[in-house]
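Peer 1: Numbering (the working numbering), first residue to last: 14 to 98.
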Amino acid sequence: MEDGFQISDPAKSTTGDYLMFTVSDGDRQIPGRISRTALAIFDVGRSGDDMAVFAANKERIRRAAYEMRRVNPHLDLIALGSLNF
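1) So what's Val57 in DSSP terms, helix, strand or just coil?
2) So the candidates are Phe98, Leu52, Met81; which of them puts its Cα closest to the Cα of Pro44?
3) Can you have a look at Arg46 and say buried or exposed, based on whether 16 or more other CB atoms are within 10 angstroms of its CB?
4) By alpha-carbon positions, which one of Asp63, Gly94, Gly39 ends up nearest to Thr28?
5) Could you name each continuous beta strand (DSSP E) segment of 3 residues or more that falls completely within the region 28 to 73, going from the start of the chain to the end?
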């Protein structure tokens, strides 16, 4: 995976069934989101703390976003769900 491909921490004010974050791919900034259903896959202890679960699994989320971006380079939104993991 390229060093120029990064994801931000999620927005703290996200509402709905997902967390929003930003994908940085070189000089492009693309909105990204991950469903809370996908986060539940990582929440083994059932803490319910989406922000902590995201932080603990940020590299796996980054990899899934990277794969989606490389397969679909023209997407305007990287939307990750449970099927991405």
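Heads up, the beta-carbon is just placed ideally off N, CA and C, and yes, glycines get one too.
Peer 2: A quick look at the data gives this:
1) In the sequence shown, the residue the question calls residue 57 occupies position 44. In this structure, Val57 counts as coil in the three-state DSSP scheme.
2) As a position in the sequence shown, residue 44 is number 31, starting the count at 1. For Pro44, the closest alpha carbon among the candidates Phe98, Leu52, Met81 is that of Met81.
3) As a first step, residue 46 must be located in the sequence shown, where it is residue number 33. So Arg46 counts as buried.
4) In the sequence shown, counting from the first residue as 1, residue 28 sits at position 15. The option with the nearest alpha carbon to Thr28 is Asp63.
5) When DSSP assignments are scanned along the region 28 to 73, the uninterrupted stretches of beta strand (DSSP E) that are 3 or more residues long and fall wholly within it turn out to be 31 to 38, 41 to 48.
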